[in-house]
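Written below as structure tokens is the structure these notes are about.
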Amino acid sequence: MSGLLENKTAIIYGAGGAIGGGVARAFAREGARVFLAGRTRESLDTVAGEIKSGGGAAEVAVVDALDERAVDDLVRRAASKGASVDVSFNLITRGDVQQIPLVDMTTADLTRAVTAGLTSNFITARAAARQMIKQGS
Numbered sequence: 000m001s002g003l004l005e006n007k008t009a010i011i012y013g014a015g016g017a018i019g020g021g022v023a024r025a026f027a028r029e030g031a032r033v034f035l036a037g038r039t040r041e042s043l044d045t046v047a048g049e050i051k052s053g054g055g056a057a058e059v060a061v062v063d064a065l066d067e068r069a070v071d072d073l074v075r076r077a078a079s080k081g082a083s084v085d086v087s088f089n090l091i092t093r094g095d096v097q098q099i100p101l102v103d104m105t106t107a108d109l110t111r112a113v114t115a116g117l118t119s120n121f122i123t124a125r126a127a128a129r130q131m132i133k134q135g136s
């Protein structure tokens, strides 16, 4: 651990998944306080438990990253706990269609995943940016 993220706060959306959980654990090892966001409490609690047992700081929030109000509330909650918001990392599942040949996919299969990805990235980045402006970072 180099302490690269010491005294930093990271909000990680999709933190209950394999990749999101891995990112959260890595950020915590580097000293970040992590807010684990996602739709499934059980998987978020598992990741939080692993981080805490390793000496890290983690909090869980059941949040749909496509819900603007819920995302804004999470950022406010993180900031209200005396934490700056330094990192917003979005790894939510986008609902893409897998294991179907390209020739059998519909345009809706493609656009559903693209729309979810773009929308959630916009919502989470905007909420973090608003807070970062308030805190002068």
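Counting in numbering that gives the first Met the number 0, the sequence shown runs from 0 upward without gaps. Idealized CB from N, CA, C, for every residue including glycine. Note that this is a predicted model, so its numbers are computed, not measured.
Status (buried if at least 16 other CB within 10 Å, exposed otherwise) for residue i
i	result
Val70	buried
Phe121	exposed
Gly19	buried
Asp85	buried
Ile132	exposed
Arg129	exposed
Cβ-Cβ distance between residue i and residue j below 7 angstroms
i	j	result
Gly55	Ala27	yes
Val59	Ala23	no
Gly13	Leu90	yes
Leu73	Val62	yes
Residue from the options whose Cα sits closest to the Cα of residue i
i	options	result
Ala53	Glu29, Leu73, Leu35 and Val74	The question names Ala, but residue 53 is Gly in the sequence shown. It is Glu29.
Phe34	Lys51, Ala128, Ala127 and Ala57	Ala57
Lys80	Ala115, Gly2, Lys7 and Leu3	Lys7
Simplified DSSP state of residue i, which is helix, strand or coil
i	result
Arg129	helix
Glu67	helix
Ala78	helix
Gly54	coil
Residues that DSSP places opposite residue i in a beta bridge
i	result
Val59	Leu35
Asn89	Tyr12
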